[in-house]
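Trainee: Next up is a structure, given as structure tokens.
Chains as they are written, first to last, in the working numbering: chain A, 89 to 260; chain B, -13 to 199.
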């Protein structure tokens, strides 16, 4: 993580991969009582990863990283559980079938990343799509769209922050 | 979106990184203190007899023991409050030291005085100026520290806002103490805490709304 925080893209990608594998069982366990669908678990994993990404400058590098990651994961999971509680989505056993059809699907889609990022304006959306769907690097996206690499990076960063804002607003 | 693609998106953003949060805090602290000190020097000013008084009266110097006794622990608290895994609780005892000293000094001073003069000392006519100027001088440091907190990821937004308020008010009180000619711990012990508490409360409310991340 140290080299990842230092801006090394390959090291960071490896770190994120390991992180997603470590977070999945943690989130699953956290949502054990409310029987979340796998896609919902994945949404929360992504939300935690986004928070870790945008707030990685709050990790004190003289300390082990584990407790810091857990603190962020716990914080986001509590927010999510609260959000479900307020919507009355915490399912009661007999009501599961009933809920399955309508309400819960909406909830899943409401914070699915693809949908949120779909609301971005033209250029920003194209950049995000080129990176996530085609696996382009910032350089490649820049060439393809005829922009500077810096502009691509700035746009992507802005989109990520916008995504975090959407997550936050849903909780208020 | 599957997590594989999501990771690609974050990885491409790896190079865009902010400075470590404790450096942001220090930077914002120095901006806030400078702004407030400049305003103080321009509009309010240190009392003219500060140096003579400082050599003659323990009460004048004691004001700074108390205010700086809040500034230091409040800064250490701020460093913790702006992190998701920060440990705020273990620093609280450090924060109690200055108020305890102040209460002891108030008791000691009151015992030396005739009972009927105690109330007159507390209710000196410029108490409202004291409270108002502490709040006013806290504005710049508060704005700067609140900004720093927003760059962080506070475990508890309300606490983080309150700590930003406490630290900025303690800085303001330190500046104001060099202007005010009321040195009695009886005066200081009532009105300074009132000003500081007001700013801290504003910080807590603002934090609970604006420091979520």
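For each residue, glycine too, the CB sits at the ideal point set by N, CA and C.
Measure from the C-beta of residue 258/A to each C-beta in chain B and report whether the shortest distance is under 8 Å.
Mentor: What you label residue 258/A is simply residue 170 of the first chain in a count that begins at 1. Taking Cβ atoms only, chain B never reaches closer than 8 Å to residue 258/A, which makes this a no.
Trainee: Against chain B, does residue 160/A count as a neighbour if the rule is that its beta carbon must be under 8 Å from one of theirs?
Mentor: Residue numbering aside, residue 160/A sits at position 72 when the first chain is read from its first letter. For residue 160/A, the answer is yes, since a Cβ of chain B falls inside 8 Å of its Cβ.
Trainee: Three or more C-beta pairs closer than 8 Å, one from the segment 140 to 148 of chain B and one from the segment 118 to 125 of chain B: is that the case here?
Mentor: Touching, no, given that fewer than three Cβ pairs across the two stretches are closer than 8 Å.
Trainee: How long is the line joining the alpha carbons of residue 166/A and residue 99/B, rounded to whole angstroms?
Mentor: Reading the first chain from its first residue, position 78 is the one you call residue 166/A. Reading the second chain from its first residue, position 113 is the one you call residue 99/B. Those two C-alpha atoms are separated by around 55 Å.
Trainee: Out of curiosity, what's the CA-to-CA distance linking residue 191/B and residue 198/B?
Mentor: Along the second chain, one-based indexing puts residue 191/B at 205. Along the second chain, one-based indexing puts residue 198/B at 212. Cα-Cα distance, rounded: 12 Å.
Trainee: Return helix, strand or coil for residue 197/A, following the three-state DSSP convention.
Mentor: If you number the first chain from 1, residue 197/A lands on position 109. Low confidence applies here, because residue 197/A scores a pLDDT of 48, under 50, leaving its location unreliable and the question unanswered by this model.
Trainee: Residue 38/B: buried (16+ other C-beta within 10 angstroms of its C-beta) or exposed?
Mentor: Walking along the second chain from the start, residue 38/B turns up at place 52. Residue 38/B is exposed by the Cβ-count criterion.
Trainee: Mapping the DSSP letters down to three states, classify residue -5/B as helix, strand or coil.
Mentor: On the second chain, position 9 is the one that residue -5/B refers to. Residue state, collapsed to three classes: helix.
Trainee: Using the three-state DSSP reduction, which class does residue 227/A fall into: helix, strand or coil?
Mentor: Position 139 of the first chain holds residue 227/A. Looking at residue 227/A - three-state DSSP - the assignment turns out to be helix.
Trainee: Using a cut-off of 8 Å between C-beta atoms, extract the partners of residue 143/B located in chain A.
Mentor: As a working note, residue 143/B is residue 157 in the second chain. Per Cβ cutoff of 8 Å: no residues; residue 143/B is ~10 Å from chain A at best.
Trainee: For residue 50/B, which residues of its own chain have a beta-carbon under 7 Å away from its beta-carbon, when the five flanking residues on both sides are left out?
Mentor: Here the question's residue 50/B lines up with position 64 in the second chain. Contacts found: 160, 163.
Trainee: Can you look up residue 208/A in the DSSP assignment and give me helix, strand or coil?
Mentor: Position 120 of the first chain, counting from 1, holds the residue named residue 208/A. Correct three-state label for residue 208/A: coil.
Trainee: In the DSSP assignment, find the alpha helix (DSSP H) that holds residue 101/A and state where it starts and stops.
Mentor: On the first chain, position 13 is the one that residue 101/A refers to. Residues 97 to 118.
Trainee: Just to confirm, does residue 230/A get its C-beta within under 7 Å of one of the non-hydrogen atoms of the ligand FMN?
Mentor: Absent from the structure shown: the ligand FMN. Ligands present: none.
Trainee: Please list, in chain order, the chain B residues whose beta carbon lies closer than 7 Å to that of residue 225/A.
Mentor: The count along the first chain starts at 1 and reaches residue 225/A at position 137. Chain B residues near residue 225/A: -2.
Trainee: Could you tell me the alpha carbon to alpha carbon distance between residue 90/A and residue 102/A, rounded to whole angstroms?
Mentor: The residue you call residue 90/A lines up with position 2 of the first chain. The residue you call residue 102/A lines up with position 14 of the first chain. If you take the alpha carbons of residue 90/A and residue 102/A, they lie about 12 Å apart.
Trainee: Spatial neighbours of residue 94/B within its chain, please: CB distance less than 8 Å, with the 5 preceding and 5 following residues excluded, ordered by chain position.
Mentor: Along the second chain, one-based indexing puts residue 94/B at 108. Once the five neighbours on either side are set aside, the close Cβ partners of residue 94/B are 171.
Trainee: Residue 194/A to residue 200/A, Cα distance in whole Å?
Mentor: As a first step, residue 194/A must be located in the first chain, where it is residue number 106. As a first step, residue 200/A must be located in the first chain, where it is residue number 112. Caution is warranted here: a pLDDT of 45 is assigned to residue 194/A, below 50, making its placement in the model unreliable, and no coordinate value can be reported.
Trainee: For the segment 105 to 138 of chain B, list every residue whose C-beta sits within 7 Å of some C-beta in chain A, in sequence order.
Mentor: Listed by position along the chain: 138.
Trainee: For the candidate residues 231/A, 161/A, 236/A, whose alpha-carbon lies nearest to that of residue 131/A?
Mentor: Counting from one through the first chain, the residue named residue 131/A turns up at place 43. The shortest Cα separation from residue 131/A among 231/A, 161/A, 236/A belongs to 161/A.
Trainee: Evaluate residue 126/A with the Cβ neighbour count: other Cβ atoms within 10 Å of its Cβ, from every protein chain shown; 16 or more gives buried, anything less gives exposed.
Mentor: In the first chain, residue 126/A corresponds to position 38, counting from 1. Exposed, by the Cβ-count rule.
Trainee: For residue 168/A, which of 158/A, 136/A, 150/A has the nearest alpha-carbon?
Mentor: Taking the first chain and counting its residues from 1, one reaches residue 168/A at position 80. The option with the nearest alpha carbon to residue 168/A is 136/A.
Trainee: Evaluate residue 68/B with the Cβ neighbour count: other Cβ atoms within 10 Å of its Cβ, from every protein chain shown; 16 or more gives buried, anything less gives exposed.
Mentor: As a first step, residue 68/B is located in the second chain; it is residue number 82 there, counting from the start. It is buried - the Cβ of residue 68/B has at least 16 other Cβ atoms within 10 Å.
Trainee: Using a beta-carbon distance below 8 Å, is residue 189/A in contact with chain B?
Mentor: If you number the first chain from 1, residue 189/A lands on position 101. Confidence at residue 189/A is low in this model, with a pLDDT of 43, below 50, so its placement is unreliable and the value that follows should be read with caution. No, residue 189/A lies away from the interface with chain B (no Cβ there is under 8 Å from its Cβ).
Trainee: Run down chain B in chain order and give the residues with a C-beta less than 9 Å from the C-beta of residue 168/A.
Mentor: Residue 168/A sits at position 80 when you count from the first residue of the first chain. Residues of chain B passing the Cβ test: none, with the nearest at roughly 13 Å.
Trainee: Indicate whether at least one CB of chain A lies closer than 8 Å to the CB of residue 6/B.
Mentor: Indexing the second chain from 1 puts residue 6/B at position 20. By this cut-off, residue 6/B is an interface position.
Trainee: For residue 257/A and residue 81/B, what's the separation of their Cα atoms in angstroms?
Mentor: On the first chain, residue 257/A is found 169 positions in, with the first residue counted as 1. On the second chain, residue 81/B is found 95 positions in, with the first residue counted as 1. Roughly 34 Å separates the two Cα atoms.
Trainee: When DSSP labels each residue in this structure, what does residue 35/B get in the three-state scheme?
Mentor: Your numbering for residue 35/B matches position 49 in the second chain. Of the three classes helix, strand and coil, the one that applies to residue 35/B here is coil, per DSSP.
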